[in-house]
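**Q** The letter at position 459 of the sequence shown is residue 464 when you use this note's numbering, and the numbering goes up by one with no holes.
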Amino acid sequence: MQLVKNFINGEFVEGEAKKTFEKHSPIDNRVIALISEAGKADVDAAVRAAHAARQGVWGGLTTDQRVDLLYGVANEITRRFEDFVAAEMADTGQPRHVMTSAFIPRGAANFKVFADVVKNVPSESFQMATPDGRGAINYAIRVPKGVVGVISPWNAPFLLMTWKVGPALACGNTVVVKPSEETPFTTTLLGEVMNTVGIPKGVFNVIQGFGPNSAGEFLTQHPLVDAITFTGETRTGTAIMKAAAEGMRDVSFELGGKNAAIVFADADFDAAVEGVFRSAFLNSGQVCLGTERVYVERPLFERFVQALKVRAEAVKFGRPDDHNANYGPLISAEHKQKVMSYYAKAVAEGATVVTGGGVPVMPSDLVDGHWVQPTIWTGLPETASVVREEIFGPCCHISPFDSEDEVVNKANDNVYGLATTIWTTNLSRAHRVAARVEVGISWVNSWFLRDLRTAFGGSKQSGIGREGGVHSLEFYTETRNICVKL
Ligand SMILES: NC(=O)c1ccc[n+]([C@@H]2O[C@H](COP(=O)([O-])OP(=O)(O)OC[C@H]3O[C@@H](n4cnc5c(N)ncnc54)[C@H](O)[C@@H]3O)[C@@H](O)[C@H]2O)c1
Ligand SMILES: O=C/C=C/C=C(\O)C(=O)O
6 MQLVKNFING
16 EFVEGEAKKT
26 FEKHSPIDNR
36 VIALISEAGK
46 ADVDAAVRAA
56 HAARQGVWGG
66 LTTDQRVDLL
76 YGVANEITRR
86 FEDFVAAEMA
96 DTGQPRHVMT
106 SAFIPRGAAN
116 FKVFADVVKN
126 VPSESFQMAT
136 PDGRGAINYA
146 IRVPKGVVGV
156 ISPWNAPFLL
166 MTWKVGPALA
176 CGNTVVVKPS
186 EETPFTTTLL
196 GEVMNTVGIP
206 KGVFNVIQGF
216 GPNSAGEFLT
226 QHPLVDAITF
236 TGETRTGTAI
246 MKAAAEGMRD
256 VSFELGGKNA
266 AIVFADADFD
276 AAVEGVFRSA
286 FLNSGQVCLG
296 TERVYVERPL
306 FERFVQALKV
316 RAEAVKFGRP
326 DDHNANYGPL
336 ISAEHKQKVM
346 SYYAKAVAEG
356 ATVVTGGGVP
366 VMPSDLVDGH
376 WVQPTIWTGL
386 PETASVVREE
396 IFGPCCHISP
406 FDSEDEVVNK
416 ANDNVYGLAT
426 TIWTTNLSRA
436 HRVAARVEVG
446 ISWVNSWFLR
456 DLRTAFGGSK
466 QSGIGREGGV
476 HSLEFYTETR
486 NICVKL
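(1) Buried or exposed: which applies to Ser257, given that a residue is buried once 16 or more other Cβ atoms fall within 10 Å of its Cβ?
(2) Is Ala175 near ligand 2, with its Cβ less than 7 angstroms from a heavy atom?
(3) Just checking my contact of Ser289 with Thr426 at CB under 8 angstroms: how many whole Å lie between their CB atoms?
(4) Just verifying my parser: in three-state terms, what is the DSSP assignment at Ala330?
(5) What did DSSP end up calling His29 once you bin it into helix, strand or coil?
(6) So, Ile142 versus Leu491, is the Cβ gap smaller than 8 angstroms?
(7) Apply the 10 Å Cβ neighbour rule to Ser433 and answer buried if 16 or more other Cβ atoms are within range, or exposed otherwise.
(8) Which of helix, strand or coil does DSSP assign to Glu1?
(9) Whole angstroms is fine: what's the gap from Ser30's alpha carbon to Asn431's?
(10) Residues in its own chain within less than 6 angstroms of Ser464 by CB, not counting five upstream and five downstream?
(11) In terms of DSSP beta bridges, what is Asp255 paired with?
(12) Expressed to the nearest angstrom, what Euclidean distance is found between the alpha-carbon atoms of Ala424 and Leu294?
(13) Would DSSP call Ile204 helix, strand or coil?
(14) Residues in the same chain with beta-carbon distance under 7 angstroms from Met104, minus the five sequence neighbours each way, listed in chain order, please.
(15) Check whether the Cβ atoms of Ile40 and Phe26 sit closer than 8 angstroms, and answer yes or no.
(16) At which residues does the beta strand (DSSP E) containing Ile427 begin and terminate?
(17) Over the uninterrupted beta strand (DSSP E) stretch that includes Pro406, give me the two end residues.
(18) Which residues mark the beginning and the end of the alpha helix (DSSP H) in which Gly154 is found?
(19) Where does Met133 sit, in a helix, a strand or coil, going by DSSP?
(20) Please report the straight-line C-alpha distance between Gly216 and Gly140, rounded to a whole angstrom.
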């Protein structure tokens with residue numbers, strides 16, 4: 006059985022206590038690896054290695070030298086593309102095409118884009134008058150924060166982890182990464198890439214384990230961690246923020262969502278159906294930006310519900326590398342249980358189940374996997390649990406609306422505010438509605454179309470701060486102003 010280790014100071018090491026936990030495959034629940042859990046001493050060793058590397062060789066490199074090394078990381082990820090695809094498929098059980106078209110190429114891009122950003126960003130400068138008439142000049146330099154703790158989730162493990170590690174390293178920080186306990190493989194593989202490329206020891210470290218009373222919590226509590234970037238559930242963010250308050254450490258949070266799709270009657274019908282199908286069901290609905298509430302203008306409502314039903318019923322469940330399949334399982338037995346409990350709750354609250362609501366019939370070798378049917382509900386009030394709470398599964402509720410104000414109010418009536426997708430051919434309305442929905446990202450006639458130079462993050466309880474392009478510099482560096490009297 007494969008033993009997945011921690012990566013500390015350039016070495017793959019077992020946790021000092023020799024404790025392990027099991028990694029189960031999402032497709033059949035078999036144990037496919039043992040993971041070595043990092044204890045307090047291991048987390049301390051990782052953070053100290055990162056601190057020493059920051060003070061030492063990594064801190065001494067020029068921006069150009071760092072940028073060249075990060076380009077090397079991106080190229081090595083591309084060279085080992087198939088290894089990353091295989092590792093991420095094993096971690097998540099999601100179809101190969103999701104890995105090859107989106108999740109793994111994004112990992113490489115996350116290193117290149119931020120190398121370019123730090124290389125090209127200008128610094129601000131202000132000249133000022135002084136009483137003696139000679140003046141002064143102010144200019145700003147950006148310095149790295151130091152050691153950044155990176156805590157990432159399981160739903161798009163490699164994309165979401167590199168989205169943080171790329172800019173953190175580009176800005177000159179060092180990192181200690183705690184991947185989700187559900188998905189240890191690709192982060193570990195990145196350790197091999199770092200060594201191959203010659204990233205100095207201690208710059209990139211990986212500790213494996215859980216959150217509370219485990220590696221995650223030990224990392225957030227470590228006094229030598231200067232900032233914490235986290236993607237995951239809102240209530241985990243609350244716990245991490247409390248830990249970060251000790252020592253006044255900065256945080257950047259990408260959290261939960263309950264995203265609305267808004268389809269106007271003038272939308273390109275086929276594009277809207279396909280777009281909402283993707284936003285609700287890609288990655289088995291386990292995408293933070295995904296749609297769980299759909300609002301359709303009344304004249305289109307019945308036709309839209311029927312078309313989305315047809316699309317949802319056409320998915321083909323199967324192994325990630327099965328060419329005849331295009332749909333994967335949920336990540337874990339625990340998550341399946343959570344999603345199924347919402348399926349039951351929807352029925353108890355009076356939903357009409359348009360399609361799904363249960364588990365698909367699977368062949369005997371896959372029957373123990375975490376398979377769940379894509380599910381569509383109608384007929385619930387806005388107060389129903391499945392319309393208000395993040396489920397993070399392959400499901401959505403569709404309701405009709407009659408006016409622009411009504412749908413904007415409904416979209417905004419939620420504690421979350423991550424993303425929305427709006428479908429209309431009326432451009433004035435598109436701009437107007439996109440600006441009024443209280444979210445970090447509004448897509449019009451599209452969804453999950455990502456330009457990595459743009460600001461990314463959530464409003465309300467969906468996050469704190471923005472990352473992406475120069476916005477990432479706000480978090481991964483500190484601005485130091487230098488005022489020179491002339
Ligand atoms: N806004 C975004 O960009 C975005 C992107 C992806 C996922 N998400 C959200 O992530 C969630 C799904 O991911 P998840 O279930 O892995 O989230 P989670 O919050 O359960 O776990 C995320 C990470 O935090 C760690 N963790 C848990 N408790 C901790 C603690 N007390 N201290 C330190 N670390 C701790 C976990 O081990 C894991 O590595 C959903 O809510 C989803 O919306 C948000
Ligand atoms: O599941 C969440 C996906 C989030 C995507 C990003 O963070 C990104 O595209 O940068």
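Beta carbons are placed, not taken as given, at the ideal position from N, Cα and C, and that holds for glycine.
**A** On the basis of the coordinates in this document:
(1) For the purposes of this step, residue 257 is taken as the residue at position 252 of the sequence shown. Per the 10 Å Cβ criterion, buried.
(2) Here the question's residue 175 lines up with position 170 in the sequence shown. Checking the Cβ of Ala175 against ligand 2 gives no.
(3) In the sequence shown, residue 289 corresponds to position 284, counting from 1. In the sequence shown, residue 426 corresponds to position 421, counting from 1. About 18 angstroms; that fails the 8 angstroms criterion.
(4) Working through the sequence shown from its first residue, we reach residue 330 at position 325. Coil at Ala330, not helix or strand.
(5) To locate residue 29, count along the sequence shown from 1; it is residue 24. Of the three classes helix, strand and coil, the one that applies to His29 here is strand, per DSSP.
(6) For the purposes of this step, residue 142 is taken as the residue at position 137 of the sequence shown. For the purposes of this step, residue 491 is taken as the residue at position 486 of the sequence shown. Yes, the Cβ-Cβ distance between Ile142 and Leu491 is below 8 angstroms.
(7) Numbered from 1 along the sequence shown, position 428 holds the residue referred to as residue 433. Flag for Ser433 reads exposed.
(8) The chain is shown only over 6 to 491; residue 1 falls outside these bounds and no answer can be derived.
(9) Sequence index remark: in the sequence shown, residue 30 carries index 25 (1-based). Sequence index remark: in the sequence shown, residue 431 carries index 426 (1-based). Going from the Cα of Ser30 to the Cα of Asn431 covers about 46 angstroms.
(10) Position 459 of the sequence shown, counted from the first residue, corresponds to residue 464. Closer than 6 angstroms at the Cβ level, and outside the excluded window around Ser464, lie Gly422, Glu443, Val444 and Gly445.
(11) Here the question's residue 255 lines up with position 250 in the sequence shown. Partner(s): Ala232.
(12) Against the sequence shown, residue 424 aligns to sequence position 419. Against the sequence shown, residue 294 aligns to sequence position 289. Those two C-alpha atoms are separated by around 6 angstroms.
(13) Here the question's residue 204 lines up with position 199 in the sequence shown. Reduced to three states, the DSSP call for Ile204 is coil.
(14) For this step, residue 104 is matched to residue 99 along the sequence shown. These residues qualify, in order along the chain: Val90, Glu93 and Met94.
(15) Here residue 40 refers to the residue found at position 35 of the sequence shown. Here residue 26 refers to the residue found at position 21 of the sequence shown. Contact flag set, yes.
(16) To locate residue 427, count along the sequence shown from 1; it is residue 422. Start and end: Ala424 to Trp428.
(17) Translated into the one-based positions of the sequence shown, residue 406 becomes position 401. Going by the sequence as given, residue 406 is Phe instead of Pro. Taken as a continuous stretch (DSSP letters only), the beta strand (DSSP E) holding Phe406 covers Cys400 to Phe406.
(18) The sequence position of residue 154 within the sequence shown is 149, counting from 1. Run containing Gly154: none in the alpha helix (DSSP H); it sits in the beta strand (DSSP E), Val152 to Ile156.
(19) For the purposes of this step, residue 133 is taken as the residue at position 128 of the sequence shown. Looking at Met133 - three-state DSSP - the assignment turns out to be strand.
(20) Looking up residue 216 in the sequence shown gives position 211. Looking up residue 140 in the sequence shown gives position 135. The alpha-carbon atoms of Gly216 and Gly140 are separated by roughly 53 angstroms.
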